[in-house]
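Input: a single structure, listed below in structure tokens.
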């Protein structure tokens, strides 16, 4: 009987571990960032992306004409720290004077519990810098 | 000691908007216009950013952030800062303060280099 209990508990623990490991990964696969089109040329949108990443504490470490990326610094807390997210904005000229911006937050392993998705804040700041109205919160920003 | 290094971050800098200028002296008094603009002619020369994050529920004061913005303005060679915008947010026990502004340089004969 004790032997059966032991196996039962081991099986339950194994299933719980599987859920903890697989569930976030499954959600992450569904998340693919947020894409918005601005009525501005790519040069202007790239500068706005640089400013936006700086505003959320991820000054760009990579700046290319069609891609900007930065990482928020990790900070230790009493219980849960913060930071560590990789933030990126990929740009594509869709037609004359219009640019598609794909904003993506990638959570990293260290300090994952204190990390959040910054896509909406980045898009709002880009809109402010570009002088256009802020885009509505897309549903995709809520998951990862 | 470990906490001082790992519980807070300050990231500041400026991005020139066009022509670049030599930095001002460390004791140069940069004017701050939190609302409105100076009456005299000026040129926008840089975007300034000061970003503070502190864990353990510790706030950063507005005055601290303004002082950092002035430091960046001096580095950009500015006389004053306009369009100051403050953004506060929180992630768990981390308080975030970001100040942004536009560094300007006065135009005309009254400008002191």
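Protein chains in written order, with the numbering used here: chain A, 1 to 144; chain B, 1001 to 1113.
By construction, the Cβ of each residue, glycine as well, lies at the ideal position given by its N, Cα and C atoms.
The model shown is predicted, which means the values in this text are computed figures rather than measured ones.
If you run the structure through DSSP and keep just helix, strand and coil, what is residue i?
i	result
residue 51/A	helix
residue 98/A	strand
residue 75/A	strand
residue 90/A	strand
residue 85/A	coil
residue 115/A	coil
residue 62/A	strand
residue 103/A	strand
residue 1103/B	strand
residue 45/A	helix
residue 57/A	coil
residue 68/A	strand
Counting only beta-carbon atoms, is residue i nearer than 8 Å to chain B?
i	result
residue 59/A	yes
residue 88/A	no
residue 108/A	no
residue 75/A	yes
residue 8/A	no
residue 51/A	yes
residue 111/A	no
residue 84/A	no
residue 116/A	yes
residue 96/A	no
residue 68/A	no
residue 55/A	yes
residue 131/A	no
residue 33/A	no
residue 80/A	yes
Within a Cβ cutoff of 8 Å, which residues of the same chain sit near residue i, ignoring the five residues on either side of it in sequence?
i	result
residue 1070/B	1030, 1032, 1081
residue 1094/B	1053, 1054, 1055
residue 130/A	38, 40, 44, 45, 48
residue 1107/B	1040, 1041, 1042, 1043
residue 1085/B	1099, 1100, 1101
residue 54/A	60, 70
Can you list, in chain order, the residues of its chain whose CB lies under 6 Å from that of residue i, leaving out five sequence neighbours each side?
i	result
residue 142/A	Per-residue confidence for residue 142/A stands at a pLDDT of 44, beneath the threshold of 50, marking its modelled position as unreliable; no derived number is given.
residue 88/A	69, 104
residue 52/A	122, 125, 126
residue 86/A	71, 106
residue 66/A	91
residue 211/A	Any question about residue 211/A goes unanswered here, given that chain A covers just 1 to 144.
residue 1089/B	1096
Taking Cβ positions only, does residue i come closer than 8 Å to chain A?
i	result
residue 1011/B	yes
residue 1092/B	yes
residue 1047/B	yes
residue 1035/B	no
residue 1108/B	no
residue 1015/B	yes
residue 1055/B	yes
residue 1096/B	yes
residue 1020/B	no
residue 1059/B	no
residue 1051/B	yes
residue 1101/B	no
residue 1077/B	no
If I measure Cβ to Cβ from residue i and keep anything under 7 Å in the same chain, skipping five residues before and after, which residues do I get?
i	result
residue 1103/B	1014, 1045, 1046, 1048, 1073, 1076, 1078, 1081
At a cut-off of 7 Å, is residue i close to the ligand NAP when judged by its beta-carbon and the heavy atoms of the ligand?
i	result
residue 98/A	With respect to the ligand NAP, the structure offers nothing, as it holds no ligand at all.
- Could you pull out every unbroken beta strand (DSSP E) segment of at least 3 residues lying fully inside the segment 1011-1077 of chain B, listed in chain order? 1042-1054
- Message: Three or more C-beta pairs under 8 Å: does that hold for the segment 103-118 of chain A against the segment 69-85 of chain A?
- Response: yes
- Contained beta strand (DSSP E) runs [length at least 3] in the segment 1076-1100 of chain B, N- to C-terminal order: 1080-1091
- Query: Do the segment 89-100 of chain A and the segment 40-51 of chain A make contact, defined as three or more Cβ pairs closer than 8 Å?
  - Reply: yes
- Cβ pair count under 8 Å reaching 3, the segment 115-130 of chain A against the segment 30-42 of chain A: yes
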